Amino acid sequence: MRFDLVDLQLFVAVSEERSITGGAMRANLALASASARIKGLEQALGVALLRRIRRGVELTAAGESLLDHSRLILHNVEAMRGDLAAYASGVRASVHLLANTSVLSEHLPKALAAFLRDHPDINVDIEERESADIAAAIASGAADLGFAAEHALPDHIERFAFCEDRLMLVAARRGELAGRRGIDFTEVAGRDFVGLTNSTALQVHIARHAARLGLRLRFRARLRDFDAICQMVAAEVGIAVVPESAARRCAQTMPISLIRIRDPWANRKLAICARSFKTLPRPAKQLVEYLRKAAQ
26 MRFDLVDLQL
36 FVAVSEERSI
46 TGGAMRANLA
56 LASASARIKG
66 LEQALGVALL
76 RRIRRGVELT
86 AAGESLLDHS
96 RLILHNVEAM
106 RGDLAAYASG
116 VRASVHLLAN
126 TSVLSEHLPK
136 ALAAFLRDHP
146 DINVDIEERE
156 SADIAAAIAS
166 GAADLGFAAE
176 HALPDHIERF
186 AFCEDRLMLV
196 AARRGELAGR
206 RGIDFTEVAG
216 RDFVGLTNST
226 ALQVHIARHA
236 ARLGLRLRFR
246 ARLRDFDAIC
256 QMVAAEVGIA
266 VVPESAARRC
276 AQTMPISLIR
286 IRDPWANRKL
296 AICARSFKTL
306 PRPAKQLVEY
316 LRKAAQ
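Have a look at this one:
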């Protein structure tokens, strides 16, 4: 088999555009050259990769497989370039980590700070995503390492448990819900809420489950910080859904009550995940092992 990175980049572009013409334009290649490269790929592999249809092309089963592998190869090449560029600029290595809101705000900072203190030659770039998006990025090879709710991960993604992440309802200590120990989420329909901004992964998670219950939540205020949200709740602006760790921390200094949400979606387990832990770049493996020890 003889093909190069340009072939793989072109094939990904054609697959995503569902058009050889569109893929050629995206890859900055002439149409004749792009067609010849696709034909050469098919000849080298001995299988048809594309099926011509009236409005462009569609992938065969072999084409779907090649697309998956091509994305992974191109991602690894970009990771290699990034690592080598980091060496050239004096920084030894970098790890790109996808994490959901709870992880980013509550569970990761302490462990990550200790890791960075012990590994001054490694940088960590964290991007906030919703757990389902993290799972998709890991599965497609678009990211190496993720930190997400375990229920959102498909079976073929490797993972290990990090911690529990129960979501709690918080209410003002003087409010009418203050004496409740548990509640079904449908019971809070129509109440005023204080929540996270729409762009945060946890707010997307809450909104999706509310929509499945037929609820449209009414927000008096939206903030990006759990402590600020709990301060609003303490001032009787509304109720809120926050991670248990944040709720318990804030309850030590604020007049708020913690109420367990009985719905299954509120009881989550957080996991470190990767397509394959064995094939991770060395800096990512070091971070994984550090987090694994922290979980234990």
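Each residue of the sequence shown is one higher than the one before, counting from 26 in our numbering. Beta carbons are placed, not taken as given, at the ideal position from N, Cα and C, and that holds for glycine. Please read all numbers here as calculations on a predicted model, not as lab measurements.
Excluding sequence positions up to five away, which residues of its chain have a Cβ less than 6 Å from the Cβ of residue i?
i	result
arginine 285	Gly207
isoleucine 147	Ala118, Pro308
leucine 129	Glu153
isoleucine 231	Val266
arginine 76	Glu83, Thr85
glutamate 131	Pro268, Ser270, Ala271
leucine 170	Leu122, Ala299, Ala309
arginine 205	Ile284
methionine 257	Val219, Ala246
Buried or exposed: which applies to residue i, given that a residue is buried once 16 or more other Cβ atoms fall within 10 Å of its Cβ?
i	result
arginine 80	exposed
serine 282	buried
glutamine 277	exposed
alanine 296	buried
methionine 105	exposed
glycine 71	exposed
isoleucine 78	exposed
alanine 57	exposed
histidine 94	exposed
aspartate 180	exposed
valine 102	exposed
glycine 239	exposed
glutamate 175	buried
glycine 65	exposed
aspartate 250	exposed
glutamate 41	exposed
leucine 109	exposed
Using 8 Å for Cβ pairs, my map puts residue i next to residue j. What's the rounded Cβ distance?
i	j	result
alanine 185	leucine 122	At residue 185 the sequence reads phenylalanine, which differs from the alanine that was named. Rounded, the Cβ-Cβ distance is 15 Å, inconsistent with contact.
glutamate 67	alanine 59	Between alanine 59 and glutamate 67 the Cβ distance is about 13 Å, and since that is not below 8 Å, they are no contact.
isoleucine 182	arginine 274	Not quite, the Cβ-Cβ distance comes to about 31 Å (not below 8 Å), so this is no contact.
arginine 43	glutamate 89	That pair is no contact at about 13 Å.
arginine 96	valine 37	6 Å
alanine 136	alanine 319	4 Å
arginine 293	aspartate 190	5 Å
leucine 312	phenylalanine 187	With 8 Å as the limit, leucine 312 and phenylalanine 187 do not qualify as a contact, their Cβ atoms being about 12 Å apart.
glutamate 155	valine 229	5 Å
Is any non-hydrogen atom of the ligand MG found closer than 7 Å to the C-beta of residue i, if you look at the structure I gave you?
i	result
aspartate 150	The ligand MG is not part of this structure, which contains no ligands at all.
Tell me which residues share the same chain as residue i and place their Cβ nearer than 8 Å to its Cβ, disregarding the 5 neighbours each side in the sequence.
i	result
leucine 35	Gly48, Ala49, Ala52, Leu54, Ala59, Arg62, Ile63
arginine 317	Phe185, Ile297
glycine 215	Arg243
alanine 235	Phe210, Arg241, Leu242
glutamate 261	Ala197, Arg199, Gly200
Once you ignore the five residues that flank residue i on each side, which residues in its own chain have a CB closer than 7 Å to its CB?
i	result
alanine 259	Ala197, Met279, Pro280, Ile281
leucine 178	Ala160, Arg184, Ala296, Cys298
histidine 100	Gly166, Ala167
isoleucine 151	Leu122, Ala124, Leu129
Hey, is residue i's beta-carbon within less than 8 Å of any beta-carbon in chain B?
i	result
glycine 65	No chain B appears in this structure, which consists of one protein chain only.
Let me know the beta strand (DSSP E) ranges lying completely inside the segment 78-128, each 3 residues or longer, listed in chain order.
-> The segment 78-128 is shown to contain whole beta strand (DSSP E) runs of 3 or more residues at 81-84, 118-124, in chain order.
On the three-pair Cβ rule with 8 Å, is the segment 259-271 touching the segment 192-212?
-> The segment 259-271 vs the segment 192-212: in contact.
Mind listing, in chain order, the continuous beta strand (DSSP E) runs of no fewer than 3 residues lying wholly within the segment 197-280?
-> Complete beta strand (DSSP E) runs here, min 3: 217-221, 243-248, 265-268.
Can we say the segment 120-137 touches the segment 159-174, given the rule of at least three CB pairs closer than 8 Å?
-> Cβ pair count under 8 Å is three or more, so yes.
Sufficient close CB pairs (3 or more, under 8 Å) joining the segment 302-310 to the segment 222-229 = Under the three-pair Cβ rule at 8 Å, the segment 302-310 does not count as touching the segment 222-229.
Just list the beta strand (DSSP E) runs in the segment 136-164, keeping only unbroken ones of 3 residues or longer that don't cross its boundaries, in chain order.
-> Taking only runs of at least 3 residues, the beta strand (DSSP E) segments lying wholly in the segment 136-164 are 147-153.
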